[in-house]
Amino acid sequence: MTLTNALNASISGLNATQAGIDVVSRNIANAGTPGYTRKTLTTQNQLVDGRSIGVAYSAAQRDIDLLQQQQLRVSKADTIAAQTVANYLSRIDTAMGASDSGIAISSRLAELTDALQAMATTPENAAIRANVLNEADDLADSLNSMSDLIQTLRLEAEAGIGAAIQEADVLLKRIETINDQIVRANATTGDTADLADQRDIAIDRLAELMDINVVSRSDGAVSLFTGGGFALLDSAAAELSFDERTSMDATSVYSTDPSLRTVGTISLTAGSTSVDLIAAGAFRSGEIAALVELRDNTLTEAQSQLDELASELMLSLSEETTNGTAVVAGAASGFEVDTAGMLSGNTINLGYTIGGTTTNVTIVKVEDPSILPLSNTATNNPNDTVIGIDWTQPIADIVTDLNAALPAAVVVSNPAGTTLRFVDDGAGATSDINSLSTTTTPASLTDAGTGIALFVDGNGQTIYSNSLDNGGQKTGIAQRIRVNNAVVSDSSLLVTYNTSPATDVGDPTRPLDLIERLTNDIRSYAADVGIGSPSAPFEGSIDAFARRVVDYQASQAANAENAVSSFKIIRDTLQAQYDADAGVDIDAEMSNLLVLETAYSANARVMTTVQELMQIMLNIGR
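Per our numbering, the sequence shown starts with residue 155, numbered consecutively.
Now the structure itself:
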């Protein structure tokens with residue numbers, strides 16, 4: 155009986171050693187296989203009635219640190235998100251060029267200014283005037299091409315989101331399949347380590363696409379959730395879908411309201427429930443989050459900067475401010491202005507004092523009443539009160555609306571025609587009208603001031619007035635800005651600003667004024683384009699803002715590259731640590747193999763000895 159026990163023990167030892175050698179050989183063979191983790195065999199003393207009868211072993215197990223694995227996945231998601239952003243921004247930076255390079259928009263603007271200066275010297279020279287038009291056309295083309303690039307990048311981001319969601323959906327179904335295989339294997343052989351490796355490969359890739367949380371279940375399966383807590387995989391995989399769009403322009407925007415949304419969104423469907431994951435903020439890191447951020451924020455900000463530059467460029471050259479005429483009406487006094495010729499988006503600028511407090515009001519002409527009331531951010535001035543007035547109604551109603559919007563101590567009336575009069579409260583002596591003016595963009599190229607609509611909205615060659623109607627004329631204007639065909643047809647309009655009396659062909663007044671408007675006039679720029687802040691918007695000349703836009707994009711690209719470098723250092727450090735702990739060490743495996751070889755030989759020797767002793771006993775029995 156004792157020899158039988160010894161024989162059984164040696165056989166169990168041989169079996170355990172063979173299993174160990176099998177595990178070691180697989181480790182060595184897969185030392186360079188991506189996603190493979192080192193496997194170990196656990197052995198234990200096999201007892202019957204408290205006595206050892208040999209050695210038992212279980213299925214091969216993986217040796218990984220789950221917390222370390224999750225940290226690595228988070229780091230990879232951060233790295234690929236940063237790399238995605240950097241790739242897109244570098245293309246904008248390259249196309250935009252440095253502010254002192256010949257290809258930058260700011261350089262194109264400087265070349266237009268130089269051409270205007272040459273024209274101011276010899277305005278009668280048709281060739282020099284033609285050069286002004288050429289430089290203006292180059293500037294418009296530069297704004298057009300940069301805007302086209304940004305919308306192309308947004309469309310690429312849209313396609314990238316679609317491809318990533320399609321891949322993520324496939325990965326979820328693969329993980330679900332492997333989950334099922336692991337659950338079945340746990341119920342039979344318990345050999346699930348290699349399946350778990352394959353599942354981790356899929357999870358690792360999914361984690362690069364989006365930030366996820368992995369929860370292990372008691373049956374060996376895992377559940378997956380987005381970083382925002384939405385279930386991607388529980389008992390079954392949810393379905394991910396993306397309603398991709400095939401075209402993109404500056405008006406293409408994301409909205410939580412499906413009727414207003416003109417770009418694709420990501421839907422998660424589980425059973426009869428569907429969730430808009432972008433609206434829910436489910437994506438915080440990874441490639442998908444980066445692409446959504448690029449499409450909906452980063453690239454739209456770049457477009458907004460170009461639109462702001464184009465808008466202020468066009469307005470700076472064409473706007474005319476006309477001061478109101480002082481009037482006295484009984485005990486009341488103030489000013490009146492003629493509103494004839496005002497275009498939608500043009501303004502009346504009112505300053506008054508009541509009780510020692512001075513208020514500046516910008517009254518905006520509106521022809522789309524659905525956008526009313528306007529917020530105070532409708533203008534670039536952070537210190538004004540904005541009032542939008544529907545100008546499609548009779549002037550009597552306009553007066554009524556103005557009186558309703560303004561304090562009672564400021565009285566508005568219509569003395570005649572299209573004139574509006576603003577006066578104080580007269581005998582009440584509680585208010586004063588300090589100033590009144592109109593800022594307009596004249597449709598006429600002559601007899602309307604020294605400015606000129608050199609650039610127009612390419613949508614019908616219309617005068618640009620920064621109309622707020624129907625989504626706003628500013629949106630996408632950098633894509634639509636064109637040189638005014640009327641000026642192209644008659645370059646003398648660059649000089650002639652009056653017809654009666656006619657401007658002399660050699661008069662430099664208009665060219666000099668245009669130069670002043672581009673280089674010295676200080677303007678405020680919209681704070682929501684990322685340059686300046688709501689309380690302190692950027693103020694400067696057109697050429698100063700152009701340089702700031704170029705420098706801002708260069709800085710964004712540089713910051714993105716720096717972020718990539720930082721995230722890569724963290725990722726590589728975590729990867730090296732994970733590989734050292736979970737990967738295959740050939741030297742360690744070879745050392746383990748020698749131990750197993752020795753154990754195998756020893757067990758075989760025990761078996762041989764037992765067999766010899768048993769044979770001796772049989773011989774004695776004969």
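Ideal Cβ placement from N, Cα and C applies to all residues, glycine included.
Length of the line joining the Cα atoms of residue i and residue j
| i | j | result |
| --- | --- | --- |
| M496 | S621 | 11 Å |
| S719 | N639 | 49 Å |
| D430 | L243 | 27 Å |
| N181 | A173 | 12 Å |
| N503 | V515 | 6 Å |
| D388 | V369 | 9 Å |
| T663 | E670 | 11 Å |
| M155 | G186 | In this prediction, M155 has a pLDDT of 44, which is less than 50 and means its spatial position is unreliable; nothing more can be read from the coordinates. |
| I282 | S598 | 23 Å |
| D461 | I631 | 5 Å |
| A464 | G189 | 52 Å |
| Y618 | A607 | 8 Å |
| D217 | V738 | 10 Å |
| G510 | A485 | 20 Å |
| G299 | G383 | Residue 299 is actually Ser in this sequence, not Gly. For S299 and G383, the distance between alpha carbons rounds to 41 Å. |
| P412 | F396 | 13 Å |
| T533 | A680 | 8 Å |
| Y408 | I442 | 15 Å |
| A562 | T584 | 10 Å |
| E278 | A714 | 50 Å |
| G625 | L469 | 18 Å |
| V777 | F721 | With the chain represented from 155 up to 776, any question about residue 777 goes unanswered, as that position is not in the structure. |
| S406 | A742 | 58 Å |
| D295 | A712 | 26 Å |
| L201 | L168 | 17 Å |
| S498 | P596 | 12 Å |
| A708 | E693 | 20 Å |
Whether residue i touches residue j by CB criterion (7 Å)
| i | j | result |
| --- | --- | --- |
| T479 | E466 | no |
| G660 | N588 | no |
| S229 | R725 | yes |
| S312 | R438 | Note that residue 312 corresponds to Glu in the displayed sequence, not to Ser. Against a cut-off of 7 Å, the Cβ pair of R438 and E312 comes out as no contact. |
| L326 | A391 | yes |
| T846 | D586 | Only positions 155 to 776 of the chain appear in this structure, which leaves residue 846 out of reach. |
| A361 | R245 | no |
| S166 | M761 | no |
| V239 | A436 | no |
| T592 | T512 | no |
| G440 | L363 | yes |
| Q225 | L728 | yes |
| T194 | S212 | no |
| T673 | D644 | no |
| T600 | A494 | no |
| L297 | L471 | no |
| R262 | L293 | yes |
| V565 | V553 | no |
| T454 | A433 | no |
| L394 | D323 | yes |
| L161 | L767 | no |
Which residues DSSP lists as bridging residue i, in chain order
| i | result |
| --- | --- |
| S395 | S421 |
| N677 | In the sequence as displayed, the identity of residue 677 is Arg instead of Asn. R677 is bridged to G694. |
| I502 | I517, T592 |
| S428 | T423 |
| E474 | T594 |
| F122 | As displayed, the chain neither begins before 155 nor continues past 776, which places residue 122 out of reach and without an answer. |
| S377 | V369 |
| L387 | L378, A391 |
| V540 | T516 |
| T103 | Outside the modelled stretch of the chain, which goes from 155 to 776, sits residue 103, for which no answer is possible. |
*alpha helix (DSSP H) runs wholly inside the region 178-244, at least 4 long, in chain order*: none
*Any contact of the region 311-318 with the region 683-697, i.e. 3+ C-beta pairs under 8 Å?*
no
*Mind the definition here: the region 444-457 touches the region 307-314 only if three or more C-beta pairs lie below 8 Å; say whether that holds.*
yes
_4 or more residues per run - each alpha helix (DSSP H) lying fully within the region 549-631_ = 549-559
*asked:* Does the contact criterion of 3 or more C-beta pairs under 8 Å hold for the region 330-338 versus the region 363-382?
replied: yes
*Curious, which full-length beta strand (DSSP E) runs of at least 3 residues does the region 288-370 contain?*
366-370
_Check whether the region 409-428 and the region 218-228 are in contact - that is, three or more C-beta pairs closer than 8 Å._
no
*Return the chain-ordered ranges of every beta strand (DSSP E) run that is complete within the region 633-692 and spans a minimum of 3 residues.*
635-637
*Does the count of Cβ pairs from the region 513-527 and the region 538-549 closer than 8 Å reach three?*
yes
*Contact between the region 257-274 and the region 739-752: three or more CB pairs below 8 Å?*
no
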